[in-house]
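Participant: Numbering (the working numbering), first residue to last: 43 to 203.
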Ligand code: HEM
């Protein structure tokens, strides 16, 4: 087995655990939490789930990014960034960048404190906003995943240029 095959395996492993987790939080946990009657329990439960998942998401984001850039380096794919037909490469990088900034910069710096403050003052409005943001990120991630799978398996977009 060559190093690119291992990197590809790790890449997909990272993507599955990471985007799968985002899907679980968005489509199962958040809707369930929004039905809680007690706002304090709502915030405490969501915090407990999100803080555990945040570490998994950080690790898998790192794994996906490192393995992805390794494949670009090992296969000499940097030129793809100059070509519209490889828009799925830009999308992968953009999704990875957004999550990296949220998980490694915004959350530890202020997002977590902002969430606690806002959820205490307005639990309903805050969870609605959090769910909308999760839905947007999940949709973009799934579109990216689908386009990347097609692209990596030979589908040519925009005539391949
Ligand atoms: C810095 C971030 C990323 C980089 C540099 C990167 C890079 C790559 C590279 C070089 C490939 C191989 C393409 C080929 O064989 O032609 C690949 C495959 C793939 N990537 Fe990414 N990627 C990144 C993030 C993501 C993200 C966030 C997702 C999902 C949302 C994703 C999903 C996939 C999928 C599904 C494949 C196809 C794997 C296969 O079946 O061969 N990647 N990526």
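We put the beta carbon where it would ideally sit given N, CA and C, even for glycine.
Does DSSP put residue 53 in a helix, in a strand, or in coil?
Facilitator: Residue 53 falls in the helix class under three-state DSSP.
Participant: Using three-state DSSP, classify residue 198 as helix, strand or coil.
Facilitator: Looking at residue 198 - three-state DSSP - the assignment turns out to be coil, as it is neither helix nor strand.
Participant: Say the cut is 6 Å; is the CB of residue 194 nearer than that to a heavy atom of the ligand HEM?
Facilitator: Indeed, a heavy atom of the ligand HEM lies less than 6 Å from the Cβ.
Participant: DSSP on residue 77, reduced to helix/strand/coil?
Facilitator: Correct three-state label for residue 77: coil.
Participant: In the structure shown, what three-state DSSP assignment does residue 193 receive?
Facilitator: Helix.
Participant: Please state whether DSSP places residue 110 in a helix, a strand or coil.
Facilitator: Note: residue 110 maps to helix in three-state DSSP.
Participant: Step through the CB atoms of chain D and report whether any lies within less than 7 Å of the CB of residue 81.
Facilitator: No chain D is present in this structure, which holds just one protein chain.
Participant: Look at the alpha carbon of residue 150 and the alpha carbon of residue 103, and state the distance between them as a whole number of angstroms.
Facilitator: Between residue 150 and residue 103, the C-alpha separation is close to 16 Å.
Participant: Over the uninterrupted alpha helix (DSSP H) stretch that includes residue 119, give me the two end residues.
Facilitator: Unbroken run through residue 119: none, as it is neither H nor E.
Participant: The ligand HEM and residue 138: does the residue's C-beta get closer than 6 Å to at least one heavy atom of that ligand?
Facilitator: For the ligand HEM, at least one heavy atom lies less than 6 Å from the Cβ of residue 138.
Participant: Determine, using beta carbons only, whether residue 133 and residue 49 come nearer to each other than 7 Å.
Facilitator: Result no, Cβ atoms of residue 133 and residue 49 do not sit closer than 7 Å.
Participant: Cβ of residue 200 within 7 Å of Cβ of residue 127?
Facilitator: Yes, the pair counts as a contact, with Cβ atoms nearer than the cut-off.
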